[in-house]
Amino acid sequence: MSAPSPRKQHEASHSNFIRQIIEADLMAGKYARRKWNGKPGSAFSLHNAPTDPAKIRTRFPPEPNGYLHYGHAKAICLNFGLARDYGGGCHLRFDDTNPAKEETEYVDSIREAVKWLGFSWEDPGGNRNEYYASDYFEYLYQFAEELVRRGHAYVDSLSAEQMRALRGTLTEPGKNSPYRERPVEENLKLFREMHLGRFADGEHVLRAKIDMASPNINLRDPAMYRIRHAAHHRTGDHWCIYPTYDWAHGVSDALENITHSLCTLEFEDHRPLYEWFNERLAEDWTGYDGVKRPGLLQQPLPRQIEFARLNVTYVVLSKRKLIQLVEERHVDGWDDPRMPTLVGARRRGFTPEGFRLFAERIGVAKADSWIEFSILEDCMREHLNEAAPRRVAVLDPLKLVIENYPEGKEEECEAPNHPHKPEWGRRKLRLSRELWIEREDFSESPPKGYFRLFPGNRVRLRYGYIVECIGYDKTTDTVRCTYDPDTRSGTPGAEKVKVKGNIHWVSAKDSFAAEVRLYDRLFKVPHPGAGDSELVPDLNPDSKKLVTAQLEAALKGARPEEQFQFERHGYFTADRVDSTAR
RNA sequence: UGGGGAGUCGCCAAGCUGGUCUAAGGCAGCGGAUUUUGAUUCCGCCAUUCGAGGGUUCGAAUCCUUCCUCCCCAGCCA
Numbered sequence: 002m003s004a005p006s007p008r009k010q011h012e013a014s015h016s017n018f019i020r021q022i023i024e025a026d027l028m029a030g031k032y033a034r035r036k037w038n039g040k041p042g043s044a045f046s047l048h049n050a051p052t053d054p055a056k057i058r059t060r061f062p063p064e065p066n067g068y069l070h071y072g073h074a075k076a077i078c079l080n081f082g083l084a085r086d087y088g089g090g091c092h093l094r095f096d097d098t099n100p101a102k103e104e105t106e107y108v109d110s111i112r113e114a115v116k117w118l119g120f121s122w123e124d125p126g127g128n129r130n131e132y133y134a135s136d137y138f139e140y141l142y143q144f145a146e147e148l149v150r151r152g153h154a155y156v157d158s159l160s161a162e163q164m165r166a167l168r169g170t171l172t173e174p175g176k177n178s179p180y181r182e183r184p185v186e187e188n189l190k191l192f193r194e195m196h197l198g199r200f201a202d203g204e205h206v207l208r209a210k211i212d213m214a215s216p217n218i219n220l221r222d223p224a225m226y227r228i229r230h231a232a233h234h235r236t237g238d239h240w241c242i243y244p245t246y247d248w249a250h251g252v253s254d255a256l257e258n259i260t261h262s263l264c265t266l267e268f269e270d271h272r273p274l275y276e277w278f279n280e281r282l283a284e285d286w287t288g289y290d291g292v293k294r295p296g297l298l299q300q301p302l303p304r305q306i307e308f309a310r311l312n313v314t315y316v317v318l319s320k321r322k323l324i325q326l327v328e329e330r331h332v333d334g335w336d337d338p339r340m341p342t343l344v345g346a347r348r349r350g351f352t353p354e355g356f357r358l359f360a361e362r363i364g365v366a367k368a369d370s371w372i373e374f375s376i377l378e379d380c381m382r383e384h385l386n387e388a389a390p391r392r393v394a395v396l397d398p399l400k401l402v403i404e405n406y407p408e409g410k411e412e413e414c415e416a417p418n419h420p421h422k423p424e425w426g427r428r429k430l431r432l433s434r435e436l437w438i439e440r441e442d443f444s445e446s447p448p449k450g451y452f453r454l455f456p457g458n459r460v461r462l463r464y465g466y467i468v469e470c471i472g473y474d475k476t477t478d479t480v481r482c483t484y485d486p487d488t489r490s491g492t493p494g495a496e497k498v499k500v501k502g503n504i505h506w507v508s509a510k511d512s513f514a515a516e517v518r519l520y521d522r523l524f525k526v527p528h529p530g531a532g533d534s535e536l537v538p539d540l541n542p543d544s545k546k547l548v549t550a551q552l553e554a555a556l557k558g559a560r561p562e563e564q565f566q567f568e569r570h571g572y573f574t575a576d577r578v579d580s581t582a583r
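With the working numbering, the residue at position 206 of the first sequence is 207, and numbering never jumps.
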């Protein structure tokens, strides 16, 4: 009978430049013939495979060397959201090409964070799709040898400093390395010896042979392999040469059948290189022996698309700055509720639903932008307003005595668990002569416009009676009141007296004390550490406050991560790490 | 001074195969209504203007052109 609310009818446009690209590709059937057998592989290995059931494939490719933060949440929602919306799959790929920096510990935490945000990396065909760049080391090595054979790569024996000197500058072209014209056979021999561990770190490096005069510095013969005698978190000591990001990333995408490879803006001028590598590998090649060899990668090749990374005011997301906060102990660790990490956000009470709403609300584009922190907070409140049951908590308790209320008498007042959801039921609050109220709800000499408790004023005890303040006893720090027995909430005549103020309370006898932590933004300025300025002076000294609150009895059994709205205060979460209910 | 990007309301962001744009939507803000949370919900208001100038056109945020501003790039990091 009722029409949908007009507000819901015209949902905001979710259109963005990435969706347009995908929709155009889908329309053109660009990726429709890709083959897939559930296992990343070369053109040869996929030759007889069936058609890929996933319409598109995206990937979230974190480097397992730190904790995920708000920025990653945006990327996760984007990649997984697109895959979901277009009948595709999104792979979780750990980009672990650098043995010096990566650890297994982070792999677990990243996996958990993605799951927590509500996403799964299983695809329409039922494949698990959890991959590691290190899974492709063998492919990468074989492909690199092939590029050497085809004259597209060479072993350089310059030191890092010498190489830098020859690279040129932003405005001057680079110069060719003296080793650039090494014959193919010699390159092959040296590369194999690099692989075999015959050289020390840094002695040689495999470079793509592109163009030292390119105005794009990434094309000035970029490194593909470096020698690192280091144990890798997954491959152990099996390798002593490791591929660079530029070499490994595009190939990984291609092996995994990725269609749309999304990354941030700083990789824009890496795209020509991304494409160069994949195109060289995908093209057919006729060797000096006259034998034609087919391309190594399935086509069409993945397409890299760049979007603007997330910036949030009052928040710092650079790894360097986050490490500084932890190491210098300005926070209590990576999962401190004030940290912009996902583990921190979770303890803070931020929710997956809130993050997904946030990602949707901020959109995705190519313009650098700063999102106001309040938008993130609003998204969280928007979800919690729906999802969190209401409870009463007095965070800064002040004693109140109802002098005309009989000693020993108790009454049960009913309060709804959610004002707009009667189906959530009601709970009982016990009213007695002595109560705790919020200190800021009383004023001996009220400022203008103050309509809560002050001598001579009447106010409603939420869900209970109307009381009138008759004084304040300084020595016992107690507010004195009388109540009007005819004004009990929910009874006939309760509305006979109109009052503007409505304050919350808990019974002195029935409530319990508990530590409550109040968190505010970590920084007091919108752009902490802007430019190269110091970060520390920008810290908000009041970002964390501990109070001993009086909580209503129903809060006693709160389970870790259970969330509530403390009426008239805001949202609170039982800490999953540290919540000792008393 | 090389190359690659970006500039639409306080903050995001649609639109950019030219007319339906005196520019969508969200957030914030401002009014007002409901309300036992100074909350929520609801209703209304909120860019004659699209970085600036010039041009093409009957008509431009959308096309051309000049200029301005901001961001990224010289790791054997990602």
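Ideal Cβ placement from N, Cα and C applies to all residues, glycine included.
C-alpha gap between residue i and residue j, whole angstroms
{"i": "V578", "j": "H331", "result": "19 angstroms"}
{"i": "P7", "j": "E24", "result": "With a pLDDT of 31 at P7, under the threshold of 50, the modelled position of this residue cannot be trusted; read the value that follows with caution. Cα to Cα, the separation comes out at about 28 angstroms."}
{"i": "P174", "j": "R168", "result": "7 angstroms"}
{"i": "K429", "j": "L436", "result": "15 angstroms"}
{"i": "F278", "j": "K75", "result": "28 angstroms"}
{"i": "V365", "j": "W122", "result": "21 angstroms"}
{"i": "L311", "j": "G72", "result": "5 angstroms"}
{"i": "M2", "j": "H92", "result": "Any reading at M2 must be qualified, since the residue scores a pLDDT of 26, below 50, and its modelled position is unreliable; the value itself is stated next. So the alpha carbons of these two residues sit roughly 44 angstroms apart."}
{"i": "R272", "j": "A283", "result": "16 angstroms"}
{"i": "L540", "j": "V313", "result": "15 angstroms"}
{"i": "E354", "j": "A360", "result": "10 angstroms"}
{"i": "I57", "j": "P41", "result": "15 angstroms"}
{"i": "F351", "j": "L377", "result": "9 angstroms"}
{"i": "R199", "j": "L220", "result": "28 angstroms"}
{"i": "V507", "j": "Y315", "result": "35 angstroms"}
Close Cβ partners of residue i (< 7 angstroms) along its chain, the five nearest in sequence each way excluded
{"i": "I111", "result": "P63, P65, L69"}
{"i": "H196", "result": "Y142, I242"}
{"i": "D397", "result": "E439, R440, E441, V548"}
{"i": "S544", "result": "R339, Y520, D521, R522, L523"}
{"i": "Y32", "result": "D26, I57, T260, P301"}
Span of the alpha helix (DSSP H), counted from its first residue to its last, around residue i
{"i": "M225", "result": "No alpha helix (DSSP H) contains M225, which is instead part of the beta strand (DSSP E) from 224–228."}
{"i": "C241", "result": "Element bounds for C241: n/a, residue is neither H nor E."}
{"i": "K400", "result": "Taken as a continuous stretch (DSSP letters only), K400 belongs to no alpha helix (DSSP H), being part of the beta strand (DSSP E) at 398–403."}
{"i": "A76", "result": "71–86"}
{"i": "I22", "result": "18–29"}
{"i": "V185", "result": "185–197"}
{"i": "D202", "result": "First-last for D202: undefined, no H or E at that position."}
{"i": "R569", "result": "From DSSP, R569 is part of no alpha helix (DSSP H); its letter is neither H nor E."}
{"i": "P353", "result": "353–363"}
{"i": "I471", "result": "Careful: I471 lies outside any alpha helix (DSSP H), inside the beta strand (DSSP E) at 467–474."}
Beta-carbon contacts of residue i that lie in its chain and below 8 angstroms, excluding the five residues immediately before and after
{"i": "W37", "result": "L47, A50, P51, T52, D53, P54, A55, G126, N258"}
{"i": "R34", "result": "T52"}
{"i": "Y572", "result": "G350, M381, R382, L385, A389, Q564, F565, Q566"}
{"i": "E104", "result": "P65, N66, H234"}
{"i": "I372", "result": "L311, N312, V313, T314, I363"}
6 angstroms CB neighbourhood of residue i in its chain, flanking five on each side removed
{"i": "D1", "result": "A query on residue 1 cannot be resolved here, the shown segment of the chain reaching from 2 to 583 and no further."}
{"i": "R463", "result": "N503, H505"}
{"i": "T488", "result": "Y466, I467, A495, V498"}
{"i": "Q10", "result": "Low confidence applies here, because Q10 scores a pLDDT of 33, under 50, leaving its location unreliable; read the following figure in that light. The answer is none, since no qualifying residue turns up."}
{"i": "A134", "result": "D96, D97, T98, A249, S253"}
{"i": "L454", "result": "D442, F443, V460, C470"}
{"i": "A607", "result": "Outside the displayed span of the chain (2 to 583) sits residue 607, for which this structure offers no information."}
Where the beta strand (DSSP E) through residue i begins and ends
{"i": "R168", "result": "It is not in any beta strand (DSSP E) - R168 carries neither H nor E in the DSSP assignment."}
{"i": "F513", "result": "513–520"}
{"i": "E553", "result": "Where E553 is concerned, there is no enclosing beta strand (DSSP E), given that its DSSP letter is neither H nor E."}
{"i": "W506", "result": "506–508"}
{"i": "S262", "result": "261–265"}
{"i": "Y484", "result": "479–485"}
Exercise for the section: Decide yes or no for the touch test of the region 229–241 against the region 73–86: beta carbon pairs closer than 8 angstroms, at least 3 of them. Expected result: Counting Cβ pairs under 8 angstroms, fewer than three are found: no touch.
Problem - Contact the region 107–122 vs the region 341–354: 3+ CB pairs below 8 angstroms - result: Result yes; three or more Cβ-Cβ pairs closer than 8 angstroms.
Practice task
Check whether the region 446–462 touches the region 493–500, taking contact to mean three or more Cβ pairs, one atom from each stretch, closer than 8 angstroms.
Solution key: Contact between the region 446–462 and the region 493–500 is present, because at least three Cβ pairs lie under 8 angstroms.
Practice task
Kindly confirm or deny that the region 441–449 and the region 512–521 touch, where touching means at least three C-beta pairs closer than 8 angstroms.
Solution key: No contact exists between the region 441–449 and the region 512–521.
Problem - Segment contact, 8 angstroms Cβ cut-off, at least three pairs: the region 152–168 with the region 381–388 - result: No, because fewer than three Cβ pairs between the region 152–168 and the region 381–388 fall closer than 8 angstroms, the two stretches do not touch.
Exercise for the section: Could you tell me whether the region 219–235 touches the region 191–207, where touching means 3 or more Cβ pairs closer than 8 angstroms? Expected result: In short, these stretches touch, since the Cβ pair count reaches three.
Handout entry: Minimum length 4: unbroken alpha helix (DSSP H) runs contained in the region 104–138
Key = Fully enclosed alpha helix (DSSP H) runs of 4 or longer: 105–117.
Exercise for the section: Would you mind listing the beta strand (DSSP E) stretches within the region 435–463 that are 3+ residues and don't spill past its ends, in chain order? Expected result: Within the region 435–463, the complete beta strand (DSSP E) runs of at least 3 residues are 435–439, 459–462.
Exercise for the section: With a floor of 3 residues, list each beta strand (DSSP E) that falls wholly inside the region 296–362, ordered by position along the chain. Expected result: The region 296–362 contains these whole beta strand (DSSP E) runs: 304–308.
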